[in-house]
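Numbering (the numbering used here), first residue to last: 8 to 83.
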Amino acid sequence: MTDAALDTTNAIDTHDHHEEGLATTRGVVLFLLFVVVVIAAVIYGMFAIGPWVLGVTAVATVPLIYIVLLVLTVGK
């Protein structure tokens, strides 16, 4: 083997393979539960209070969508 091949092999072997950014099963389940609860609350509000609840909810979630996209883009 040449020195370049050995350097490449060493770099590949010593690469850190920790997986900090992966979601846990518990986190995914809690997130999905939260989403279902929010959707159920909006639907209940539509029937209990009136259909305008859906419009208010849609307008209120626009800033949240931008914040989530910003956090996902920045990665922090």
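The beta-carbon is built from N, C-alpha and C at its ideal position, and this holds for glycine as well.
All of these numbers come straight from a predicted model, not from anything done at the bench.
Is residue 66 close to the ligand HEM? I mean its beta-carbon at under 8 angstroms from any heavy atom of the ligand. In the structure shown, the ligand HEM is absent, as is every other ligand, since no ligand is present at all.
To the nearest angstrom, how far is it from the Cα of residue 71 to the Cα of residue 37? 18 angstroms
The alpha helix (DSSP H) spanning residue 52 covers which residue range? 32-55
Please report the distance separating the alpha-carbon of residue 48 from that of residue 78. 25 angstroms
Extent of the continuous alpha helix (DSSP H) to which residue 29 belongs: Here residue 29 belongs to no alpha helix (DSSP H), and DSSP marks it neither H nor E.
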